[in-house]
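Protein chains in written order, with the working numbering: chain L, 1 to 114; chain C, 1001 to 1114.
This is the structure in structure tokens:
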């Protein structure tokens, strides 16, 4: 019974490139959440998705960032034209339904922009 | 935006000592959660609190949901070396935000000397 799987674990991109981060939720979970963590900081909510729908994107930067959770396959967080300030750990969590029951985090993707 | 003030920022203690950390907010929260994060990993849930005044234990850990709904504390008794890590409080605010949108504190970094 695998947990929340995120890949890659580490990603290095040059400024201006695109970064694609993947999150496969736990089996039976249809709700996915993305968070960003800067060094020495807590996690900051970015976006909440259900299959094929964005429920809450109040924490997403307005430009260059997008997220999807298609009917089949993992959720993708996409960052276009990355800048140094995008360097952070990006965590995904999933839950079986609305609310916090079973809300579980993955191990994260560490993005470094050089 | 809403913030959680977590203190202390860091603690250096001797093995066997008790530890106490807390989180406060200027606004009311419906849920308080305490997480532990180890290097290179995602946060792992330790204790969840759902009702004002609730006191919950998980082994050597005890947490309480403050009666004003604006604070919570976590105690660790008889610390051991494997307690080392960063402890985060997180909460679900009563006003606004979707059900999966958690607000995190900045963390308390715990170091334990054997």
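Don't be surprised by glycine CBs; every beta carbon is placed ideally from N, CA and C.
Around the C-beta of residue 1018/C, are 16 or more other C-beta atoms found within 10 angstroms, so that it is buried, or is it exposed? exposed
Taking residue 12/L as the reference, which of 100/L, 104/L, 86/L has the closest Cα? 86/L
Closer than 8 Å to chain L by CB, residue 1107/C: yes
Taking only runs that begin and end inside the stretch 23–49 of chain L, name each unbroken beta strand (DSSP E) of 3 or more residues, in chain order. Here the runs fully enclosed are 31–37.
Please state whether the Cβ-Cβ distance between residue 1020/C and residue 1003/C is less than 8 Å. no
Three-state secondary structure (DSSP) of residue 84/L: helix
So, are the CB atoms of residue 69/L and residue 50/L less than 8 Å apart? Contact flag set, yes.
For residue 1069/C, count neighbouring Cβ atoms within 10 angstroms of its own Cβ and tell me buried if that reaches 16, exposed if not. buried
Would you say residue 1104/C and residue 42/L are within 8 Å of each other, going by their C-beta atoms? yes
Looking at chain B, is there any beta carbon in it that lies within less than 8 Å of the beta carbon of residue 52/L? Of the protein chains in this structure, namely L and C, none is chain B.
The stretch 1033–1045 of chain C / the stretch 100–108 of chain L touching (three or more Cβ pairs under 8 Å): yes
Report the partner residues of residue 78/L according to the DSSP bridge assignment. 20/L, 66/L
Taking contact to mean at least 3 C-beta pairs separated by less than 8 Å, is the stretch 74–88 of chain L in contact with the stretch 21–40 of chain L? For the pair of segments examined, the stretch 74–88 of chain L was found to touch the stretch 21–40 of chain L: the number of CB pairs separated by less than 8 Å reaches three.
Near residue 32/L, which residues of its chain fall below 8 Å by C-beta distance, leaving aside the five closest residues on each side in sequence? These residues qualify, in order along the chain: 23, 25, 48, 49, 50, 69, 75, 92, 93, 94.
How is the beta strand (DSSP E) around residue 59/L delimited, first residue to last? Careful: residue 59/L lies outside any beta strand (DSSP E) and carries neither H nor E.
Counting only Cβ pairs nearer than 8 Å, list the residues of chain L close to residue 1043/C. Per Cβ cutoff of 8 Å: 43, 91, 105.
Any beta carbon of chain C sitting closer than 8 Å to that of residue 24/L? no
Considering Cα atoms alone, identify which of 30/L, 14/L, 109/L is closest to residue 82/L. 14/L
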